[in-house]
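Here's the structure we're looking at; comments come further down.
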Amino acid sequence: MKKMLFMMLALFVGVSASAQSMPDVKIENQEGKVINTTELVDGTPMIISFWSTTCKPCIMELNAINDSLYEWLEEVEMKVVAISVDDARTVSRARAMAKGQGWDDFVCLYDKNQDFKRAMNVSLTPHTFIVDGKGNVVYSHSGYTPGSEQELFEKISKLK
Amino acid sequence: MKRFLLSICVAVAALLGIQSASAQVQVGKGQLSGSLESNNIFYTADDKLETLGLAERPDPAFGSHDFLKLDYSLGRFSAGIQIDGYLPGLHGYDIKTYQQRDSKLTGFFTKYVQWEDSNYGVRVGDIFEQFGNGLVLRTYEDRALAFNNSLAGARAFYNFNNYVTVKVVAGLPRLYDVRSKNLVYGGDISLSLSDITGWQNGMLSLEGSYVGRYQKDLTTMALFGFTENYLNMVSGRVNLDVAGFSLRGEYARKLNDDIYNININAEQGEVVYVDLGYNYKRFSASATFRYFDGMQTSIEVRDQAIGGGNVLNYLPLLTRQYTYMLANLNPYRGCSAQTGHEIGGQVDLYYSLRNPKVRNKYWNFHINASLFNTMDHFTPWGDKIEGRNAWLDINADVERQWNKKLKTTVLYSHQRWDESLNHFDSIDAEYCTSDIFVADVTYKFNKKHSLRVEAQYLMSNDYEGDWVAALVEYNIAPMFSVYVSDMWNCEGTEYNYYPATDQNELLHYYQVGASFTYGRYRAQLSYGRNRAGYVCSGGVCRFQPAYTGVNLSLTASF
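One line per chain: the protein sequences are B and U, in this order. Position one of the first sequence corresponds to residue 47 (this note's numbering), numbered consecutively onward. Position one of the second sequence corresponds to residue 680 (this note's numbering), numbered consecutively onward.
Printed below as a string of structure tokens:
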């Protein structure tokens, strides 16, 4: 255990910052069609938020982003991508919930066997990323406390 | 205790050390990314739980589940490793109960190399794969359950013009901390009729799968008349999406007998799964029906149970998993462990009432109901047992965002279950009901400070009677959160299922905790008493024995 932890420590301390590009993974859209995640990269910066129907803070975060979205769009060009990590058991509930919570302005995608979640190294949800127009991950945050959506807006505003 | 302190020291040092690292590492032209998750519990003494016979302090009084994952990618090429450490496994987890290696500390090492274009790809190493709804094959990881059944082998896929996608996979599944010797192999084909015919207004696809398993060792099972090395399973699916309406249907069956529980008649398994969805503006509905019999498929057929990790396909519980503690107190655990089958379904209705121009004022309504039954069947000894209701849950919640500052949620749930089916395949039912009421208020003082309060009450005629619970959480965005909660068994427990004492105790299950988040790094520390009960994740439940302890959870990624 010690060896493993110290190896990890050395690795994490020794890293230098650089932009991560978004991995290309197959994922289902709202209509059930399989698309590649790199198709999301179209020059518009985006917030990518991983959520599930059993994750209360995830839903709170997406609702808070939805509440502020029009105010943000007046100041910055951006889009919001909500990635449900619900599996076959709850994916239909997730599709219904996305529609029934009024997330009409989000791009909703469904990562049924968590391939994109694994590729993005997400351990716990909610986990939210900011990706620039070229597909580089420039910021990420895990967990949600009411008000922390403001930080996302501040970070994405700086991309201009 | 030493290990616990070491974990804390290393974690704090790591958190301090990685502040400079905001993103991933560039290695040559490629990129290295990774994540670390560490969940630790130090079990403290609790005289009350021990006196009542509800818990024994585990020895050693420490458990730790650690996951270190590293991925390297260069264009279409990627490779990675993951080290899982159970140092030792946490009390009540199947990885600790059923670990196959003879050592207190155990772990597992996985790796892969992969080359993937958008139209074809090959992966060698550990494979996570799901065919359709997972009814014949699902290999995945759920760290909340310490579950991982990834296949060590190879996978390839080819997609022609979006018309047809073919996948083949073969490998040896992971069984807790060892690799099974049973080979699993299969193929999946998907035909997109909408793409083939150029239909623009919707999506229609037909799909099919085959999965086989070669049982290498029949020595012990031959005693039970199990002589077939090969198990074959097939599945057919249809997916339709048009004008807000969706249909997902799947039928799967086993082509030969597969004894998965020697107490249940072994039949050729089958499963029918139908999922319907509809949405119009801000109204949406979803309904799921599922019937299965004898379809649970093990990685290894054994003459004794070896827990929830010995599973190859995915037949999860379809009931609602709540985010409130009392609503999740007595979750549905399924009746198939006793009967081998289950029939039932669930319905969700969502509606959002809002003025599109005013974003901070709206109502969200949600109604959910689920009903699962057993069917007429015979025991291996020839007794007929009539089908009956195993679980019923009708619940509704209403969320109201009043303004930028105030949000309230109320939830009501009526749950009814047959307690006898939680223990054995009984001829007589023993129904219990619970009615749960929840109020949840969030108030934002300003952009950073907020308070969330939950009040919950559960009325029940089960052996534990009524409960009351409360939670207070104070948040300072985006970094800090502290909470305190208590679940109080205010009516008292009759210990008829855990018959250590007849003392009528009014037990408190308290928790106090704090979390700290800095970008990609998060630490959560809590202390409290935890009730014995079923903890569910992703439709799979595990029994968690009662314990009191300190819980430290750390996650980091780069």
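Even glycine gets a Cβ: it sits at the ideal position worked out from N, Cα and C. Bear in mind that the values here come from a model prediction, so they are computed numbers and not experimental data.
- At a cut-off of 9 Å between beta-carbon atoms, U:S752 makes contact with chain B.
- Taken in chain order, the unbroken stretches of beta strand (DSSP E) that lie wholly in the stretch 145–184 of chain B and span 3 residues or more are 153–156, 173–177.
- As computed with DSSP, U:S717 is found in a beta bridge with U:D745, U:L1233.
- The Cβ-Cβ distance between U:F1051 and U:L1028 does not fall below 9 Å.
- Annotation: the continuous beta strand (DSSP E) that includes U:A1069 extends over 1068–1080.
- Residue nearest to U:G768 within the set U:Q761, U:Y777, U:I762, U:I760 is U:Y777 (criterion: CA-CA distance).
- C-alpha of U:D1119 to C-alpha of B:S67: approximately 39 Å in a straight line.
- At a C-beta separation below 7 Å, U:T1121 has these neighbours in chain B: P192.
- Within its own chain, the residues whose Cβ lies closer than 6 Å to the Cβ of U:F1057, once the five positions on either side in sequence are excluded, are K1063, listed in chain order.
- Using a C-beta cut-off of 8 Å, the stretch 111–126 of chain B makes no contact with the stretch 72–83 of chain B, since fewer than three inter-stretch Cβ pairs fall below that distance.
- Where U:C1014 is concerned, there is no enclosing alpha helix (DSSP H), because DSSP gives it neither an H nor an E.
- Close to U:A1156, with beta-carbon spacing below 9 Å, are these residues of chain B in chain order: Y190, T191, P192, G193, S194, E195, Q196, E197.
- Looking only at U:K846, U:A1225, U:S1139, U:F1195, the smallest Cα-Cα distance to U:G1171 is reached by U:S1139.
- Assignment of U:S873 by DSSP, reduced to helix, strand and coil, places it in the helix class.
- The residue from U:G948, U:T967, U:I1046 with its alpha-carbon nearest to that of U:S1015 is U:G948.
- The C-beta of B:K145 comes closer than 9 Å to at least one C-beta of chain U.
- The C-beta of B:T99 comes closer than 9 Å to at least one C-beta of chain U.
- Straight through space, the alpha carbons of U:S859 and B:D150 are spaced by roughly 46 Å.
- Comparing alpha carbon positions, the residue from U:A825, U:G891, U:V1117, U:A922 closest to U:G986 is U:A825.
- Taking CB atoms only, U:D954 has a neighbour in chain B less than 9 Å away.
- Shown here for U:F1222: same chain residues with a beta carbon closer than 7 Å to its own, the five before and five after excluded, namely G771, Y1213 in chain order.
- Beta bridge pairing from DSSP links U:A1202 with U:F1195, U:L1233.
- Of all residues in the stretch 164–187 of chain B, only R164, A165, M166, N167, V168, S169, L170, H173, N182, V183, V184, Y185, S186, H187 place a beta-carbon less than 9 Å from a beta-carbon of chain U.
- Per DSSP, B:A110 is one residue of the alpha helix (DSSP H) stretching across 102–119.
- For U:L997, DSSP assigns no beta-bridge partner whatsoever.
- Residue contact check for U:H1128 against chain B: a CB pair falls below 9 Å.
- Contact of U:L997 with chain B by beta-carbon distance below 8 Å involves R135.
- Sequence-distant Cβ neighbours of U:Y1041 in its own chain, meaning closer than 7 Å and more than five residues away, are S1031, L1032, R1033, Q1080.
- Pairing U:N1047 with U:D1072 gives a Cβ-Cβ distance under 9 Å.
- Excluding the 5 residues flanking it on each side, U:R1067 has same chain C-beta neighbours closer than 8 Å at N1052, T1053, D1097, A1108, in chain order.
- The beta-carbon of U:D1097 is placed no less than 9 Å from the nearest beta-carbon of chain B.
- Around the beta carbon of U:N798, fewer than 16 other beta carbons lie within 10 angstroms, which makes this residue exposed.
- According to the DSSP secondary-structure assignment, U:S752 is paired through a beta bridge with U:Q710, U:S757.
- Contact between B:Q160 and B:V131 is confirmed by a C-beta separation of about 5 Å, below the 8 Å threshold.
- Judged by DSSP secondary structure, U:L851 falls within the beta strand (DSSP E) whose first and last residues are 843–854.
- Under the three-state reduction of DSSP output, U:L733 falls in the coil class, being neither helix nor strand.
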